[in-house]
């Protein structure tokens, strides 16, 4: 049975209100400009063309979505739509727009704008994210309602409609831009300071140097004081790729905040009376794909094809020690293929607690009493990868596995992953969608990039994933995901490492800023104490 989900929205709204109530409305101060250092610049903040985190994580500041991800990173709340209803067969979703919505230029946000935006988002000839809406057969707009007719039920669709790539843009303003193609119009639209539906408007962008956002005077969401968000007049971003320079400018009081603070500096900055460090829960995981094919690319036998060998390497890896060495104690061991901040996560305990004796016994059972040689592919120039390799070399050496390093640049690492020309390599992941299908499909479903390049192909897992993609009963879908996570953990096609928080340092004058578990930089509720 398909259930109406406004009840879930109500729960999310109440939870958000309780959280926000910790700061009395009369304590909030409006106005001012917050200066924030970013590690990299945005190139094109367009919902469908954003394919780099510096672009993706800024979309929500300029554009709103029909539905919104709650502050816990898992729940859903109303966005531009009041909610949605499913048909009994789960093949028709109807959304109703809130009344009185406006773009940043004062023009009305209509169902026609929604239709235009979603048609762009699902066009396979345009952006890279069209596959997220592949279940949609037809979209219709009439009055304040938008109807999505599906080829088959899609339980992930509500979460997808809360994702950056389905954000709503103004049809008339976009189409008025010069250019023969959608890409050309998108570039012109952005260059001419785009009209948006989000809390801020782009005022200026000096490539590689700075970007300034100012408040959208027509934004619909209300703050704790009952007035429209955002609280700030503006946010000025400065682009500072060097970690040490970002920290120095923060310590000198030249900026109000900075992202991607090195974990090696967290304790130091926490001792500064003028600063605070926030470690936001994230969906970021650090892991290492293991080539599970029977033979390596050169035709030689692959010891990693044996499940017992992969389990042994996991048991011979002290995740707690690696967290201290690489992350200075910040983070926690993985308990599943997905982070604990992901919907339907199941993993009561850390995977493969450190047990070198058990690891050695498993190697003996697999016929590798004397160990074997293995190559770990790492990123050249990455201090974290270098530290990780040195530690693994020592840990695995204790069970007879001799590790050697292959250092490559990022494009080469990606190419090796796709071609299967590797044994084990470093990797990481952050969810883009508030639904487990994305990360599960990427890491475990064979038809999707051969299970993150590992070649792991489990028939039961694949069948469960396919069934879950159209399962509309929440309890049944949760059970499917639980079993998938158990299968994956037991087979160990990855070296399971750790979940890593997002590290942000702020002046103690800054309140209300947050980075969502998906990575989005959210400034709509940020404010400055004066």
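In mature numbering (1 follows the signal peptide of the UniProt record, and there is no 0), the protein residues as written are -27 to -1, 1 to 503. C-beta: ideal position from N, C-alpha, C; glycine also. All figures in this text were calculated on a predicted structure; none of them were measured in a lab.
The DSSP assignment places complete alpha helix (DSSP H) segments of no fewer than 4 residues inside the region 211 to 251 at 216 to 224 and 239 to 243, in order along the chain. Membership of residue 56 in the beta strand (DSSP E) is indicated by the continuous run 54 to 59. Nearest neighbour of residue 64 by Cα position, chosen from 125, 78, 4 and 484, turns out to be 125.
Contact between residue 317 and residue 287 is absent: CB atoms are separated by about 23 angstroms, not below the 8 angstroms threshold. In the DSSP assignment, residue 436 falls outside any beta strand (DSSP E) and lies within the alpha helix (DSSP H) extending over 432 to 441. Here the alpha carbons of residue 210 and residue 203 stand approximately 16 angstroms from one another. If you look at residue 480, you'll find it isn't in any alpha helix (DSSP H); it sits in the beta strand (DSSP E) that goes 475 to 480. Annotated as distal: residue 305 and residue 348, with beta-carbon spacing of 8 angstroms or more. The beta carbons of residue 88 and residue 114 sit closer together than 8 angstroms. Within the DSSP bridge table, the entry for residue 401 names 259 as partners.
In terms of Cα proximity to residue 307, the closest of 160, 332 and 472 is 472. About 16 angstroms separates the CB atoms of residue 374 and residue 395; that is not less than 8 angstroms, and the two are not in contact. Closest in alpha carbon position to residue 492, among 167, 74, 237 and 257, is 257. Counting C-beta pairs with one atom in each stretch, the region 400 to 417 and the region 132 to 145 have three or more that are closer than 8 angstroms, which means they touch. For residue 9, the enclosing beta strand (DSSP E) covers residues 6 to 11. Scanning 214, 326, 80 and 383 for the CA closest to the CA of residue 354 turns up 383. Secondary structure of residue 118 (DSSP, three-state): strand. Residue 94 is positioned such that its CB atom lies closer than 8 angstroms to that of residue 103.
Residues 168, 169, 174, 189 and 191 of the same chain have their beta carbon placed closer than 7 angstroms to that of residue 77, with the five preceding and five following residues left out of the count.
Here residue 86 really is in contact with residue 144; their C-beta atoms are around 5 angstroms apart, less than 8 angstroms. Pairing residue 44 with residue 162, the inter-Cα distance amounts to about 30 angstroms. The continuous alpha helix (DSSP H) containing residue 363 extends over residues 356 to 370.
363 is the residue among 392, 371 and 363 whose C-alpha sits nearest the C-alpha of residue 380.
A check of alpha carbon separations from residue 496 across 105, 361, 206 and 40 identifies 206 as the nearest. Sequence-distant Cβ neighbours of residue 105 in its own chain, meaning closer than 6 angstroms and more than five residues away, are 133.
Straight-line spacing of the CA atoms in residue 31 and residue 110 works out to 29 angstroms. Boundaries cannot be given for residue 166, as no alpha helix (DSSP H) includes it and DSSP labels it neither H nor E.
8 angstroms or more divides the Cβ of residue 465 from the Cβ of residue 266.
The residue from 217, 292, 462 and 413 with its alpha-carbon nearest to that of residue 442 is 413. Counted as a single uninterrupted DSSP element, the beta strand (DSSP E) harbouring residue 472 occupies residues 467 to 472. Secondary structure of residue 464 (DSSP, three-state): helix. Taking the Cα positions, residue 101 is about 25 angstroms away from residue 398. Going by beta carbons, residue 35 and residue 159 fall outside the 8 angstroms limit. Taking all protein chains in view, the Cβ of residue 494 is crowded by 16 or more other Cβ atoms within 10 Å, so the residue is classified as buried. Contact between residue 482 and residue 501 holds: CB atoms are separated by about 5 angstroms, below the 8 angstroms threshold. Taking all protein chains shown into account, residue -4 has fewer than 16 neighbouring C-beta atoms within 10 Å of its C-beta and is therefore exposed.
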